[in-house]
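Scroll down for the structure; my scribbles are underneath it.
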Amino acid sequence: MSSEDKKVVIEEHQLSSISVTARIPEFWKKSPKTWFIQAEAVLNPQKMSDESRYQVIILKLPQDVVEQVTEILLNPPEKNKYETLKNKLIFIYQESEERQVKKLIGEMELGDQKPSQLLRKMQDLARGRITNETLIVMWQNHLPTSVRGVLAVTEEKDLEKLASIADKVMETTTPINSVATVKQEPDPSGSQDQIISAINKLSDRLQKFRVKITRPFK
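Under the numbering used here, the first residue of the sequence shown is numbered 807, with each subsequent residue one higher.
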C-alpha cells in the first residue's frame, strides 16, 4: 500500500470515528445501563477495537463523571479497557440510582389508598430499576399486619394477583376494624347488652372472613 493509500485509510477511519462519536449522546447518569445499550447499538456494527471503543466512551463523559473513574483512566488495564470502564460506570451510577428509588418508595404511605393503587405508584417510580422481588417486599411492608399475614400464606407469586388479594382482604377487614374500634370506646349508656351485641357481630364477621380467605383465589 502506497503512502497515499495509507493516508486515505487513516482519514476514512478518523471520519468514521467522528461520525460514531457524534451519534452517541452524552453519558446518562440516571440510566447508565440504558445508555450503554444505545451506545453499543452504534459501536457494535463498526467492529471497532477495544481501545477505540474505550476512547469513544471517555469522550462522552462529563467532567463530574470523569472524576469518578479517574483511577481507571490514569491506570487502564492492558486488556478489556472498554468493559472495565463500562462496568465501573454502571456500578457507580446504577447502584446509586437503586438506593435512591428504594428511599423514595420507603417514604410512601398507604393512607386511604387500596393496596393495588399503592403498588401502581411504586411501579411507576421504580420503572424497572429495582427487582420485582425487592418491590414486593417493600410494598408488603407498607400494608397492615392483617393483610401481610394473608399474603404470607398464599402461594400466588404474580404481583397483580397479589395486589387483588390484598384489596379483597382490606375490603373485608375494614368493617371489622371499625366495629372493633367502636367496641373499645366507652359505652355512653353503659348497656351490657350493646357490648355483647357488638362482640357477637365482630365474631360473625371474623368467621365469614376466615371462610372467605381459605377459598382458592380466582
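Note that beta-carbon positions come from the ideal geometry of N, C-alpha and C, so glycine has one too.
Query: At least 3 beta-carbon pairs within less than 8 Å: the region 832-843 vs the region 893-901; Result: yes
Query: Buried or exposed (CB count within 10 angstroms, at least 16 for buried), P992; Result: Confidence at P992 is low in this model, with a pLDDT of 48, below 50, so the placement of that residue is unreliable and no value is reported for it.
Query: For P883 and K853, the rounded distance between their alpha carbons; Result: 21 Å
Query: From R905, K836, Q874, residue whose alpha carbon lies closest to that of T940; Result: R905
Query: Rounded C-alpha distance that separates D918 from L931; Result: 19 Å
Query: Per-residue DSSP class, three states only, for T960; Result: coil
Query: DSSP state of N850 mapped onto helix, strand, coil; Result: helix
Query: Rounded separation between L865 and K909 - CA only; Result: 32 Å
Query: Extent of the continuous alpha helix (DSSP H) to which D870 belongs; Result: 869-874
Query: Beta-carbon proximity check, K887 vs E915, cutoff 8 Å; Result: no
Query: Bounding residues of the alpha helix (DSSP H) (the contiguous stretch that carries E939); Result: 938-947
Query: Extent of the continuous alpha helix (DSSP H) to which L931 belongs; Result: 921-932
Query: DSSP-derived helix/strand/coil call for F833; Result: coil
Query: Among Q923, Y860, D870, nearest to T890 - alpha-carbon criterion; Result: Y860
Query: Nonlocal neighbours in the same chain, by C-beta distance under 7 Å from P868, ignoring five residues either side; Result: E832, F833
Query: DSSP three-state assignment for D973, whether helix, strand or coil; Result: helix
Query: R935 beta carbon less than 8 Å from that of V907; Result: yes
Query: Chain B within 8 Å of K887, Cβ atoms only; Result: Although the question refers to chain B, the structure presented lacks it and comprises just one protein chain.
Query: Inter-residue spacing [alpha-carbon to alpha-carbon] between K920 and D973; Result: 6 Å
Query: Rounded straight-line distance, which links the Cα of E961 to that of N881; Result: 52 Å
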